[in-house]
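Following: one structure in structure tokens, then a few remarks.
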Amino acid sequence: LAGGCRPAAELGFSAVEIFAPSAAEIPKGELEALVRKHRLAVAAFGTGGGWIRQKLTLTAASAEVRQRARQFIAEMIDAAAGFGAAVIIGSLQGKFEREVSRSQALNYLGEALTELADRAAARKVTLLYEHLNRYETNLLNRVEEVVPFIKPFQGRVKILADLFHMSIEEASIADALREAGDLIGHVHFADSNRRPAGLGHTDFTPIFEALREIGYAGYVSAEALPYPDSELAAKQTMESFNQFAC
Ligand code: LER
Ligand code: MN
């Protein structure tokens, strides 16, 4: 954490995003001290650790696994509240397979989001739903599918627009962002190959035009491969951000 926060602050980032193995394993005191020292905010906590480490998903055939996935996210929401951070539901959404149909999986996901959105709202935490590309989920891959699914939550669940996933799935990332409009709550900033912005073939000019047009005022958060290494990836990200966003 210290090795991430210091260069982030030096490069001019205003916040960090934390990907912890679980809420219990967040070194809260250390993180609080680091963000205070470096004048950083915590933008968001990811929950993918629940998938990577424990193979939990919100759409698993097993009711016990689904319940543990909800609990995992609930604990992350409680931890995020202390930092004023958002919570991301990405790979923990899972996918439909075997005995679980697509509509059943979407029901499970909808039920989980309903319960978790209540908890998040009570703690003033923004709950973010991230649609992934087809190689990571078969549930919802494009903004045109996500918008009707998320709208009923009336702003209590926002969309995380990951520009890498969108570069695989959308005909036009900029048009998709316009379609989502004020439902966008967070942006993951990476190029077409998951390298730092500027090192792939995504054209960021129309994307930032669209973000400006929809009045997006949230975080643009680097989620890129540490290419060629972490510090240079962060530097490259900041250069691209300054080029396109300012
Ligand atoms: C997480 O933010 C993400 O983008 C995924 O590719 C990993 O689940
Ligand atoms: Mn992402």
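For the sequence shown, my numbering gives the first residue as 2, with consecutive numbering after it. By construction, the Cβ of each residue, glycine as well, lies at the ideal position given by its N, Cα and C atoms.
- [ ] May I ask you to verify whether the region 218-228 touches the region 185-202, counting CB pairs closer than 8 angstroms and requiring at least 3?
- [x] The region 218-228 is in contact with the region 185-202.
TODO: Could you say if the region 53-64 and the region 186-194 meet the contact criterion of at least three C-beta pairs nearer than 8 angstroms?
DONE: These segments do not touch.
TODO: Look at Val-144 and Ala-181 and say whether their C-beta atoms are less than 8 angstroms apart.
DONE: Counting from one through the sequence shown, the residue named residue 144 turns up at place 143. Counting from one through the sequence shown, the residue named residue 181 turns up at place 180. If you check the CB distance, Val-144 and Ala-181 come in under 8 angstroms.
- [ ] For Gly-47, write down the residues that DSSP places opposite it in a beta bridge.
- [x] Along the sequence shown, one-based indexing puts residue 47 at 46. In the DSSP output, where bridge partners are listed per residue, Gly-47 has Phe-20.
Open item on the list: DSSP three-state label for Ala-62, please.
Closed with: Position 61 of the sequence shown, counting from 1, holds the residue named residue 62. For Ala-62, the three-state secondary structure derived from DSSP is coil.
Open item on the list: Alpha carbons only, please: which of Lys-29, Ile-19, Glu-11, Gly-50 is nearest the one belonging to Arg-40?
Closed with: Taking the first residue of the sequence shown as 1, we reach residue 40 at position 39. Looking at the Cα atoms, Glu-11 is the closest of the given residues.
Open item on the list: So, for Lys-236: in the same chain, excluding its five sequence neighbours on each side, which residues have a beta-carbon less than 7 angstroms away from its beta-carbon?
Closed with: Locating residue 236 in the sequence shown gives position 235, where the first residue counts as 1. Result list for Lys-236: Leu-12, in chain order.
- [ ] Assign Thr-206 to one of two classes, buried (16 or more other C-beta atoms within 10 Å of its C-beta) or exposed (fewer than that).
- [x] As a working note, residue 206 is residue 205 in the sequence shown. Around the CB of Thr-206, fewer than 16 other CB atoms lie within 10 Å, so the residue is classed as exposed.
- [ ] Could you please give me the residues that DSSP links to Ser-241 through a beta bridge?
- [x] As a first step, residue 241 is located in the sequence shown; it is residue number 240 there, counting from the start. For Ser-241, no pairing in a beta bridge is given by DSSP.
Open item on the list: Closest to Lys-125 by C-alpha separation, out of Asp-204, Gly-85, Ala-113, Glu-26, would be which residue?
Closed with: In the sequence shown, residue 125 corresponds to position 124, counting from 1. Looking only at Asp-204, Gly-85, Ala-113, Glu-26, the smallest Cα-Cα distance to Lys-125 is reached by Gly-85.
- [ ] Would you tell me roughly how many angstroms separate the C-alpha atoms of Ser-102 and Pro-229, rounded to the nearest one?
- [x] Taking the sequence shown and counting its residues from 1, one reaches residue 102 at position 101. Taking the sequence shown and counting its residues from 1, one reaches residue 229 at position 228. Near 41 angstroms, if we compare the C-alpha coordinates of Pro-229 and Ser-102.
Open item on the list: If the criterion is Cβ atoms closer than 8 angstroms, does the pair Asn-139 and His-166 meet it?
Closed with: On the sequence shown, residue 139 is found 138 positions in, with the first residue counted as 1. On the sequence shown, residue 166 is found 165 positions in, with the first residue counted as 1. For Asn-139 and His-166, no; Cβs fall outside 8 angstroms.
- [ ] Please name the residue or residues paired with Ser-92 in a DSSP beta bridge.
- [x] By 1-based counting over the sequence shown, the position of residue 92 is 91. Paired residues: none, contrary to the question.
TODO: Would you mind giving the Cβ-Cβ distance between Ala-121 and Val-88, rounded to the nearest angstrom? I have them listed as a contact below 8 angstroms.
DONE: As a position in the sequence shown, residue 121 is number 120, starting the count at 1. As a position in the sequence shown, residue 88 is number 87, starting the count at 1. That pair is a contact at about 7 angstroms.
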